[in-house]
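Q: Quick note on this note's numbering: the sequence shown kicks off at 364 and runs consecutively.
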Amino acid sequence: MATVLCAPCGLAAPSLAQSQPSGPGDGALPFFAAASVPLDGGTLSLDTKGITVKRDDDAIKFRIGGRVQIDAGSASLSPRSLGPALTDDVALRRSYFETYLTLHDAVEVAFQYDFANAAQPIQDAVLAYRGLPQVIASVGNFKEPVGQDQLRSNDTTTFVERALTNAFYPGRNFGGVVASYGDRWTAAAGVFGNNANGGIGDNGIAGAARFTYAPLLDRDQLLHVGVGGSYRALDPNLTAFTISSRPEDNEAARPLVSTGTLRGARDVGRVDVEAIYQFASYRITGEYAVAAVGGVAPSATAAQRGDRVFQSGYVEAAWVVNGTGRPYRVAPKYGADFAVLGGVEIDDAQRISRGGFGVFEVAARYSAIDLQDGATLGGRQADVTAGLNWYPDRNIRLMADYIHATADPAAATLKAGRVDSDAVVGRLQIKW
């Protein structure tokens, strides 16, 4: 019989082509039955979590997974003189290849590569140690610990895109975080350079931290509060620093608000406060963020000198129509995404592969951003979004959002005064 070798696990296995699929079960994919093959001292399986090889004592696990997100939409922009509203009507938003290696439940190695992102294909690339009680230390390329909306995985977001507040979040960078947690609280702090896809030391050094507490946390009810922030000392020779935001559609042709180039900015500080209340299948989430950019270089004109303070926030409400509330995960396996909401759960009987109709979720969101301060005329924008999500099976999600965006005033660079945008966006997501 042909064999395949899992090098990280040190296990020899019969070729998957030689295996016989098992009967239907919780792990079965909607398109075919889950396969499980016994190994010498372990198991190779194929299910909704991808391909997993593990030892019988669970000391070593190796998983290969991925996700694909395909977006389609239509939009209008007023005034029409600004040109087309979208860059593409249909686009591949994400195409992830993912690998995860767990050693003795103490060491985690994760790597994600996005083939749809030419500029920053490397997503998470992390080595973590969690051998101490209630402590996780991580080093690599991952998200800085700021913002519930940012830290939530893109395959579990309520809407197709994150809120306007996302313009303030630092995102993924290369660095290290040490975090601790209890049943209801988390604390994470770390130091970061630049993103691993560019020069790690090219954009200054940042310190970031986040603290959360859940005074209510039981089967039916969740109340979560948190505060996070980061401070980055920028390279004094940096010639361009910009904050901008499009309508909440990645295919939007242009930002409606933008600070333009803030030349010679010395530093940028961010503070974010967040709250979640969930009762049964009803949920309200909100965040408010401030970004302060330090004064520009002395070579700038007098009107340009001085600090700039910008602000943004959102509130969203959602209802899982025929299911339960979203799960709340206190601690991850690696990184800084502590105390975040997970994805909508689907009972086995609800899966279309089991004769069900899936699970539906409806949601609405209001978000706003203000990039007007002093001589910086970046504009003010407000978006109203309504969304419908359908989860037909455990690794499939279909989303539809209507987004009305108004920038009044719009960025000075647009020279258009007020700008309005209306868009309908859909997404097909498959994850394994």
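By construction, the Cβ of each residue, glycine as well, lies at the ideal position given by its N, Cα and C atoms. Keep in mind it's a predicted model, so treat the numbers as computed, not measured.
1. Which runs of the beta strand (DSSP E) fall wholly inside the segment 463 to 531 and span at least 3 residues, in chain order?
2. Comparing C-alpha positions only, which one of 761, 743, 737 sits nearest to residue 723?
3. Nearest-angstrom Cα distance between residue 726 and residue 704?
4. Rounded to the nearest angstrom, what separates residue 738 and residue 670 at their Cα positions?
5. DSSP on residue 347, reduced to helix/strand/coil?
6. Kindly indicate which three-state DSSP category residue 421 falls into: helix, strand or coil?
7. Residue 445 by DSSP, collapsed to three states: which one?
8. Residues bridged to residue 401 by DSSP?
9. Figure out for me which residue from 434, 701, 462 has the closest Cα to the Cα of residue 455.
10. Alpha carbon to alpha carbon, how far is residue 793 from residue 706?
11. Return the CA-CA distance between residue 658 and residue 775, expressed in angstroms with no decimal places.
12. Can you give me the Cβ contacts of residue 472 inside the same chain, cut-off strictly under 6 Å, excluding the 5 residues immediately before and after it?
13. Starting from residue 859, trace the beta strand (DSSP E) in both directions and tell me its first and last residue.
14. Excluding five sequence neighbours on each side, which residues of the same chain lie with their C-beta closer than 8 Å to the C-beta of residue 795?
15. For the structure I just gave you, are there three or more beta carbon pairs, one from the segment 540 to 553 and one from the segment 494 to 511, closer than 8 Å?
16. Bridge partners for residue 540 per DSSP, in chain order?
17. If you check the beta carbons only, do residue 403 and residue 614 fall under 7 Å apart?
18. So, are the CB atoms of residue 652 and residue 675 less than 7 Å apart?
19. Between 571, 546, 563, 558, which has its C-alpha nearest residue 552's C-alpha?
20. Going straight from the alpha carbon of residue 802 to that of residue 399, what length do you get?
21. CB-CB under 7 Å to residue 610, same chain, minus the five flanking residues each way: which ones, in chain order?
A: Concretely, from the data shown:
1. 470 to 477, 485 to 492, 498 to 506
2. 761
3. 15 Å
4. 10 Å
5. Not covered by the structure: residue 347. The range shown for the chain is 364 to 795.
6. coil
7. Here residue 445 carries a helix assignment [DSSP, helix/strand/coil].
8. For residue 401, which the question treats as bridged, DSSP gives the partners 406.
9. 434
10. 13 Å
11. 20 Å
12. 464, 490
13. Here the chain has residues from 364 to 795 only, and residue 859 is not among them.
14. 392, 411, 412, 413, 428, 429, 430, 758
15. Contact between the segment 540 to 553 and the segment 494 to 511 is present, because at least three Cβ pairs lie under 8 Å.
16. 501, 553
17. no
18. yes
19. Minimum Cα-Cα distance from residue 552 among the listed residues 571, 546, 563, 558 corresponds to 571.
20. Residue numbering for the chain in the displayed model covers 364 to 795; residue 802 lies beyond these limits and cannot be assessed.
21. Within the same chain, residue 610 has close Cβ partners 619, 746, 766, 768, 784, 786.
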